[in-house]
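Read top to bottom, the protein sequences are chains A and B. Its first residue numbered 1344, the first sequence is counted upward by one per residue in this note's numbering. Its first residue numbered 467, the second sequence is counted upward by one per residue in this note's numbering.
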Amino acid sequence: MITCDACTTTLLLEDAGLRLAGEQGVLHEVPLICQLGDELKIGKGRYQILGHARFSYGRGTWDEFWAVDTSGEPVWISVDEGDLILQRELPQKDWPEYRGALRLGRNLRYKAEGFRVDEDGTGTCVGLNGCFGHPLTVGETYRFLNLQGESGTVLSAEIADQEAEWFIGRWIDPFEVEVKTE
Amino acid sequence: MTTHICCYCGTALDALDSYKTLVKFNILNRPETPLKIGAAGQIFGVDYTVIGLLEHEEVWQGRSWKWVDHQVFSATHGYAWLTLEEGHLTFSRRYRKPVDWLSKTVVNRAETRPSLRSEGERFKYYDTSTSSVTYAEGEFTWAPRKGAKTTTITAMSDNAMLGFSTTNREREIYHTVYLEPQEITGFDLPGAVKPSGIHALKKMKAGVNAGFLMRAGLGSMVICLVLAMAMFVQNGKLADTRLRYSVAELPVTIAFEVTKPGRLTRIDLQGNGRNSWNYLAVELEDPEGEVLFESGRTVEYYSGRDKDGNWSEGSNNASLAFFPPVTGTYSVTLDLEESGFWAPNVNRGSSPQHQITQVGLQIRNGVSSGFWLILLALGFGCIGGLPLLRRYLHNKARWRDSDWVDEDDD
């Protein structure tokens, strides 16, 4: 999916061509550790930011950056008041298994690590810029879950229209992020 | 941000719920601090603003300590705490790297000081403290409650401290580092806040050449010691003389050949007394028959047994050295001039005492002495050891306030 800065539309790239996907929304300038086009060096990894999405959770917003690493694999870097999480999408076969509903405070085990649901909220997409690995729509509301692991791993779920996607990653120390602006 | 505490009336308002009143702090109790809410500056080159003040009190054995944590916020780097303690500034942030949890139970059960590793750094248990919030003002990511007690367990590495605490059933780890004056600018900080004492997190300010001095000093010391050893093993040539003389023969004059003039020559004397002292007079004549020197050495050896076991003191060996000016036949005259017992009136049945009956003599020409090299090595050792000693003392001061007591220390 890409957005067009000139006419603020978002376009979906499909096999046959482009399909109009919606409005781009407005991304007001706020101080952020990085922005679209930046290259980030985090530890040994390098990430090129290609897309920037902003979600509102009512009293504030958080930002999601869609980036690719040096081997072209996509990652999400979420930025909320200086807290950074770097995650990769989990293939469906690796999704955590659980019974019933995931509520705040619930524990579950995933790959020998204990996790607890620390956040359960909703976010509405308020702005998009750049390109993304999958479609996002301004104005659409997603439910998100954050599960904190005992060993520092962060598991997240993004649920829209009964369809879930799972992500896995870790917290990033903003002092260990080197930003190269293009 | 979830809570706002008004600086005019001290009321805590819920920023998530229409600013509903949560708790009220008495603003008359506002602590004195040079860091005011709203003050902005840079920490490690990142812009931060002070958004809240939190005063803690720790009471232990009837004494109380108070300190102020300043909640600071950066739009790019998030929330952190700035703490001022006796003029020392420290900077704390949430730590989210993989690390084992350090609990009170672990500390209480441990027989040796607990330690843990994170990111290649080793943290050793420092202390456990319980503090309560006595004053809050400004904005916070949680709702401070007056009097709410928090127990924090800390562990320290060479550079940082980790604080483990549980609040609202949530485990939190904070990472604290020391802020040198050049690492923090702005915040309207008064220029001359002179820190007192050594803060546990303060890194030692080693001189720029401390590393070089240490390596050069210790390296030179080793070289001197090796050379001294090499000197000591060069034992010269043993002169062809009788090696033992009965005391009854004394005084006796012994002739010996010197083949290497100008090289150190050593006369080694050995007695066989017990619990006695014996003064041997030594006179040396050169090949011309001229007296080179008159001197003497005492051989004394005492031993016994007391409540601590066997003891001994003194030595039955003595030596004197000289530089022979020419080659030729020298003669040494040996006499037992004076002698005595250590404690003549004591019944020494258990430890016999007798004066020497025999004198051993060895004369070596061309020996080497490593004595001055040993002195030089000591000098170099002091130069190289000074930075090490300073580091040791600094570390000792850093760990001074740790509450860990090794069972052996009791």
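Idealized CB from N, CA, C, for every residue including glycine.
A straight-line Cα-Cα distance of about 15 Å links residue 549(B) and residue 662(B).
Cα atoms of residue 514(B) and residue 1416(A): separation of roughly 34 Å, rounded to the nearest angstrom. Where residue 529(B) is concerned, the enclosing beta strand (DSSP E) starts and stops at 529-540.
The beta carbon of residue 1411(A) sits closer than 8 Å to the beta carbons of 1390, 1391, 1393, 1417 and 1418 from its chain, once the five residues preceding and following it are set aside; these are given in chain order. Excluding sequence positions up to five before and after residue 797(B), its CB lies within less than 8 Å of the CB of 719, 720, 721, 722, 750 and 751, all in the same chain and listed in chain order. For residue 1375(A), the C-beta contacts it makes with chain B under 7 Å involve 542, in order along the chain.
In the structure shown, residue 853(B) adopts helical secondary structure according to DSSP, grouped into three states. Excluding sequence positions up to five before and after residue 702(B), its CB lies within less than 6 Å of the CB of 830, 831, 832 and 833, all in the same chain and listed in chain order. Residues of chain B whose Cβ lies closer than 7 Å to the Cβ of residue 1426(A) are, in chain order, 544.
Collapsing the DSSP output to three states places residue 1491(A) in a strand.
Neighbours of residue 563(B) in chain A, taken as residues at a C-beta separation under 9 Å, are given in chain order as 1495, 1513, 1514 and 1516. In this structure, the beta-carbon distance from residue 1482(A) to residue 1465(A) does not fall below 8 Å. Its chain contains 1445, 1446, 1447, 1448, 1449, 1488 and 1490 as the residues whose beta carbon lies nearer than 7 Å to that of residue 1460(A), once the 5 sequence neighbours on both sides are disregarded; these appear in chain order. In this structure residue 1510(A) is in contact with residue 1499(A), their Cβ atoms being roughly 5 Å apart against a cut-off of 8 Å. Out of 818(B), 511(B), 516(B) and 807(B), the CA that lies nearest to the CA of residue 654(B) is found in 516(B).
According to the DSSP assignment, residue 689(B) belongs to the alpha helix (DSSP H) that extends over 676-699. Residue 1466(A) sits in a strand when the DSSP states are folded into three classes. Distance from residue 847(B) to residue 683(B) at the Cβ level is roughly 7 Å; contact confirmed, criterion being Cβ atoms closer than 8 Å.
A contact between stretches requires three or more CB pairs, one per stretch, nearer than 8 Å, and the region 722-738 of chain B meets this requirement with the region 760-780 of chain B. Legend: CB atoms of the region 507-535 of chain B lying less than 9 Å from CB atoms of chain A belong to residues 510, 512 and 513. Each residue's CA atom was taken as its position, placing residue 1453(A) and residue 509(B) some 38 Å apart. Rounded to the nearest whole angstrom, the CA to CA distance from residue 560(B) to residue 1434(A) is 30 Å.
The alpha-carbon separation between residue 867(B) and residue 621(B) amounts to approximately 12 Å. Check the Cα spacing between residue 799(B) and each of 820(B), 496(B), 825(B) and 849(B): the tightest is with 825(B).
Residue 1450(A): member of the beta strand (DSSP E) spanning 1450-1453, first to last residue. Boundaries of the alpha helix (DSSP H) around residue 575(B): 570-575. Only residues of its own chain outside the window of five on either side were considered, and among them 1451, 1490, 1492 and 1498 have a CB closer than 6 Å to the CB of residue 1458(A), listed in chain order. Only residues of its own chain outside the window of five on either side were considered, and among them 563 and 565 have a CB closer than 6 Å to the CB of residue 584(B), listed in chain order. In terms of CA proximity to residue 499(B), 537(B) leads the group 537(B), 511(B) and 524(B). Beta bridge pairing from DSSP links residue 705(B) with no other residue.
A direct Cα-Cα distance of roughly 20 Å separates residue 668(B) from residue 656(B). Just measuring C-alpha positions, the residue of 802(B), 758(B), 496(B) and 828(B) sitting nearest residue 708(B) is 828(B). Where residue 523(B) is concerned, the enclosing beta strand (DSSP E) starts and stops at 512-526.
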